[in-house]
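Peer 1: This is the structure I have questions about; it appears just below.
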Ligand SMILES: Cc1cc2nc3c(=O)[nH]c(=O)nc-3n(C[C@H](O)[C@H](O)[C@H](O)COP(=O)(O)OP(=O)(O)OC[C@H]3O[C@@H](n4cnc5c(N)ncnc54)[C@H](O)[C@@H]3O)c2cc1C
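In this note's numbering, the protein residues as written are 1124 to 1603.
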């Protein structure tokens, strides 16, 4: 059934639910609401609504279900695959006003929050109370609801896992307005299918998440970072499985190449402690005391030097560590400032990461388009960028799609997955379908139909076709 367009009467209904000042339409809908950080195309919703409670979300969905109007939920819009844009029009539901930290439960080491709480504010809030929320994706202005809906990863996944590992309960509103609670303040749970885990990473296609119960840990007292220069990128990356095999568990292992480092130095206007080597590993260790940390970083330093590292630089003061990690955190923005780019966020087994990076280097030479990468070497999740530089747009897009087809196919051969942490949105749909195959896509479709029989929740994302997607399909060889 075709979706309904928002009439004047419809807008009045929305205003009566959330209050007139919390419904935006026409020129009030700025460009920010029409794109996310993928920033490829603009999709203007017919209205933006900003509810402040679960009850209002429930009323909005009940109304949208009845009138067959698409609803796309939006956190901070920092996603990198077009997840929060309204590709089929209708309503964008912003969680900006649902931004309360409702409880920090010191006895159970848990917190209960609304979905619009900003990640960095939450991290600071719990750390001030001696607690720790481990998921640490690079973009700290994202919302916790967005993090859960994309199953965000980040730097600390090597030791602590990803967002999914810290979500023990959710409150969510289904497409017809029904409110459900999954999981809760329980450490263990074997009570039937885990709808909690189904909703995590579902990118707003199954329900709108309105409350989160999150697991916390005691805050680690000490941390130290190692910056390890290598004579080549290959040697740096090939060292990672050797570190993991040595049974030390760093909190983070990132790989950096000089070209990206120099772009970040230029972007931030400040110097990195060392940028003379072609490539680096950057490692961080968290622990409760210095003795514990010393033994693991000494062991790691030996592994790195045995593997051909030029040196091992230790950053143990908070300022120095902050400065190094701030530079790492600026990589994406630095590349964006340099050129238009297409992104690939594949994940492969950590032992295959060197093979994958070499593959991208071979592609770079073959396609004559600059391909740069950086990423979470310790967990096998790479961020690879195909830069436009001086190429005409059409030609760059042709080469970029060729490169992406080849990279996703290679990731599959290496038993990897399409997305390690950014999700599928609309941009990566064709690749998901090819990677998972018909049987799994059919199961996903069945799940979607049960949760959202009219297809009003974030249409055109993850599994379903959309107008935006069909353009990409035509350009891509992947599906042929
Ligand atoms: C510079 C930069 C660095 C980044 N680094 C990382 C990184 O290291 N790791 C990583 O994982 N990601 C990273 N990201 C991507 C992005 O920050 C994450 O995907 C983040 O989780 C998105 O959160 P958001 O609040 O911006 O969500 P949005 O972009 O607004 O939405 C993302 C998806 O979640 C859905 N959604 C949002 N809130 C809800 C809700 N309450 N209920 C249901 N669905 C909802 C949306 O519909 C959409 O599909 C980075 C992005 C940038 C720009």
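Ideal Cβ placement from N, Cα and C applies to all residues, glycine included.
Bear in mind that the values here come from a model prediction, so they are computed numbers and not experimental data.
Quick one: what's got a C-beta closer than 7 Å to residue 1142's C-beta in the same chain, skipping five residues either side?
Peer 2: By 1-based counting over the chain shown, the position of residue 1142 is 19. Answer for residue 1142: no residue qualifies.
Peer 1: Rounded to a whole number of angstroms, what is the C-alpha to C-alpha distance between residue 1512 and residue 1497?
Peer 2: The residue you call residue 1512 lines up with position 389 of the chain shown. The residue you call residue 1497 lines up with position 374 of the chain shown. Cα to Cα, the separation comes out at about 18 Å.
Peer 1: Under 8 Å, with one C-beta from each stretch per pair, do the segment 1294-1303 and the segment 1184-1198 reach the 3-pair mark?
Peer 2: Enough Cβ pairs lie closer than 8 Å, so yes.
Peer 1: Are the segment 1525-1544 and the segment 1553-1561 touching by the rule of at least three beta carbon pairs closer than 8 Å?
Peer 2: yes
Peer 1: Would DSSP call residue 1375 helix, strand or coil?
Peer 2: Position 252 of the chain shown, counting from 1, holds the residue named residue 1375. Here residue 1375 sits in strand by DSSP.
Peer 1: Which parts of the segment 1450-1520 are runs of the alpha helix (DSSP H), unbroken and 4 residues or longer, counting only runs that do not cross its ends?
Peer 2: Runs found: 1454-1461 and 1476-1490.
Peer 1: Go ahead and label residue 1425 buried or exposed: buried means 16 or more other beta carbons lie within 10 angstroms of its beta carbon, across all protein chains shown.
Peer 2: In the chain shown, counting from the first residue as 1, residue 1425 sits at position 302. Under this definition residue 1425 is an exposed residue.
Peer 1: Between residue 1593 and the rest of its own chain, which residues show a CB-CB distance below 7 Å, the 5 nearest in sequence each way excluded?
Peer 2: Position 470 of the chain shown holds residue 1593. At residue 1593, the pLDDT of 46 sits below 50, so the modelled position is not reliable and the matter cannot be decided from this model.
Peer 1: Buried or exposed: where does residue 1072 fall if 16 or more other Cβ atoms within 10 Å of its Cβ makes it buried?
Peer 2: Examination of residue 1072 is not possible in this model, given that the chain is present from 1124 through 1603 alone.
Peer 1: Any heavy atom of ligand 1 closer than 7 Å to the CB of residue 1224?
Peer 2: On the chain shown, residue 1224 is found 101 positions in, with the first residue counted as 1. For ligand 1, not one heavy atom lies less than 7 Å from the Cβ of residue 1224.
Peer 1: Alpha carbons only, please: which of 1545, 1427 and 1566 is nearest the one belonging to residue 1203?
Peer 2: Taking the chain shown and counting its residues from 1, one reaches residue 1203 at position 80. Checked all of 1545, 1427 and 1566; the closest Cα to residue 1203 is 1545.
Peer 1: Rounded to whole angstroms, what is the Cα-Cα separation between residue 1410 and residue 1384?
Peer 2: Residue numbering aside, residue 1410 sits at position 287 when the chain shown is read from its first letter. Residue numbering aside, residue 1384 sits at position 261 when the chain shown is read from its first letter. Answer to the nearest angstrom: the Cα atoms are 28 Å apart.
Peer 1: In chain order, what residues of the same chain have a beta carbon less than 8 Å from the beta carbon of residue 1598, not counting five sequence neighbours either side?
Peer 2: For the purposes of this step, residue 1598 is taken as residue 475 along the chain shown, with counting starting at 1. Note on residue 1598: pLDDT 41, under 50, position unreliable in the model; no value is reported.
Peer 1: List in chain order: all unbroken alpha helix (DSSP H) runs of 4+ residues lying wholly within the segment 1132-1220.
Peer 2: 1177-1190
Peer 1: By Cβ distance, which residues of its chain are closer than 8 Å to residue 1252, with the 5 residues on each side in sequence left out?
Peer 2: The residue labelled residue 1252 in the question sits at position 129 within the chain shown. So the qualifying residues of the chain are 1227 and 1229.
Peer 1: Put residue 1245 into one of helix, strand or coil per three-state DSSP.
Peer 2: Translated into the one-based positions of the chain shown, residue 1245 becomes position 122. Here residue 1245 sits in helix by DSSP.
Peer 1: Could you tell me which residues DSSP pairs with residue 1434 in its beta bridges?
Peer 2: On the chain shown, residue 1434 is found 311 positions in, with the first residue counted as 1. Bridge partners of residue 1434: none, in fact.
Peer 1: Please check the pair residue 1464 and residue 1508, which I expect to be a contact at CB under 8 Å, by giving their CB distance rounded to whole angstroms.
Peer 2: Numbered from its first residue, the chain shown carries residue 1464 at position 341. Numbered from its first residue, the chain shown carries residue 1508 at position 385. At roughly 4 Å, the Cβ-Cβ gap stays under 8 Å, so residue 1464 and residue 1508 are in contact.
Peer 1: How far does the beta strand (DSSP E) with residue 1351 in it reach, from first residue to last?
Peer 2: Position 228 of the chain shown, counted from the start, is the residue given in the question as residue 1351. Note, residue 1351: beta strand (DSSP E), 1345-1353.
Peer 1: Please name the residue in 1529, 1467 and 1235 whose C-alpha comes closest to that of residue 1542.
Peer 2: Walking along the chain shown from the start, residue 1542 turns up at place 419. Comparing Cα-Cα distances from residue 1542 to each of 1529, 1467 and 1235, the minimum goes to 1467.
Peer 1: Looking at the unbroken alpha helix (DSSP H) that takes in residue 1292, where does it start and where does it end?
Peer 2: Within the chain shown, residue 1292 is the residue found at index 169, counting from 1. In this chain, residue 1292 is not harboured by any alpha helix (DSSP H); it is covered by the beta strand (DSSP E) spanning 1290-1296.
Peer 1: Identify which residue in 1585, 1392, 1352 and 1485 has its Cα closest to the Cα of residue 1436.
Peer 2: As a first step, residue 1436 is located in the chain shown; it is residue number 313 there, counting from the start. Considering only alpha carbons, the answer is 1352.
Peer 1: Which residues in the same chain have their Cβ closer than 8 Å to the Cβ of residue 1124, if we skip the five residues on either side of it in sequence?
Peer 2: Residue 1124 sits at position 1 when you count from the first residue of the chain shown. Excluding sequence neighbours, residue 1124 sits near 1191 and 1577.
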